[in-house]
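Q:
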Amino acid sequence: MTSTRPYLVRAIYDWIIDNAMTPHILVATTDPAVAVPEQYIQDDKIVLNISPNAAQNLTLNDTTVEFQARFDGQPMQVYVPMHNVMAIYTKENGQGMMFNEETEHSPDPDQPSEIKTRLKVVK
Numbered sequence: 043m044t045s046t047r048p049y050l051v052r053a054i055y056d057w058i059i060d061n062a063m064t065p066h067i068l069v070a071t072t073d074p075a076v077a078v079p080e081q082y083i084q085d086d087k088i089v090l091n092i093s094p095n096a097a098q099n100l101t102l103n104d105t106t107v108e109f110q111a112r113f114d115g116q117p118m119q120v121y122v123p124m125h126n127v128m129a130i131y132t133k134e135n136g137q138g139m140m141f142n143e144e145t146e147h148s149p150d151p152d153q154p155s156e157i158k159t160r161l162k163v164v165k
């Protein structure tokens with residue numbers, strides 16, 4: 043099955059915007075694929091404002107969060123793999139959702155399960 047994270051991130055983002063609040067995401071930055079301003083990373087994490095005023099050309103797709111923003115006046119293309127989004131919440135009151143760490147690969151539904159059943163046919 044596909045991850046629920048991108049669906050929940052998009053839904054909560056819409057809910058935050060609909061309520062005239064400011065959406066922030068907490069991002070794990072240990073993945074080398076993450077492209078964020080390094081000077082703002084603390085404890086291998088960064089908080090990013092993804093409101094329409096701060097994040098230009100925001101894309102929230104099934105695999106990434108991408109946008110352009112300015113940090114200390116310098117433009118930057120921000121790139122975050124979706125599995126690195128640890129939380130999305132409002133700046134104003136902290137309401138939102140935290141996510142559990144996901145395994146790298148979802149189990150393949152076509153693969154037979156390793157667990158064997160103990161059921162027997164009774165005639």
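According to the working numbering, the sequence shown holds residues 43 to 165 in order. Beta carbons are placed, not taken as given, at the ideal position from N, Cα and C, and that holds for glycine. Quick caveat: nothing in here was measured; it's all calculated off a predicted structure.
Excluding five sequence neighbours on each side, which residues of the same chain lie with their C-beta closer than 6 Å to the C-beta of glutamate 134?
A: Met63
Q: Specify, as a first and last residue, the run of the beta strand (DSSP E) that alanine 53 falls within.
A: Unbroken run through alanine 53 is the alpha helix (DSSP H), 47-60; no beta strand (DSSP E).
Q: Please look up how many angstroms separate the CB atoms of leucine 68 and alanine 129, rounded, as I've assumed it's under 8 Å.
A: 4 Å
Q: Exposed or buried, which one is tyrosine 131 when buried takes at least 16 other CB atoms within 10 Å?
A: buried
Q: With 16 other CB atoms within 10 Å as the buried threshold, where does asparagine 61 fall?
A: exposed
Q: Can you tell me whether asparagine 91 is buried or exposed? The criterion is at least 16 other CB atoms within 10 Å of its CB, across all chains shown.
A: exposed
Q: Residues bridged to tyrosine 121 by DSSP?
A: Beta-bridge analysis with DSSP links tyrosine 121 to Ala77, Glu108.
Q: Going by DSSP, which residues form a beta bridge with valine 69?
A: Ile88, Val127
Q: Round the Cβ separation of valine 122 and threonine 106 to the nearest angstrom and send it over; I've been treating them as touching at under 8 Å.
A: 6 Å
Q: Would you mind working out which of Pro65, His66, Ile83 sits nearest threonine 72, comparing C-alpha positions?
A: Ile83
Q: So, for alanine 77: in the same chain, excluding its five sequence neighbours on each side, which residues have a beta-carbon less than 7 Å away from its beta-carbon?
A: Gln119, Val120, Tyr121
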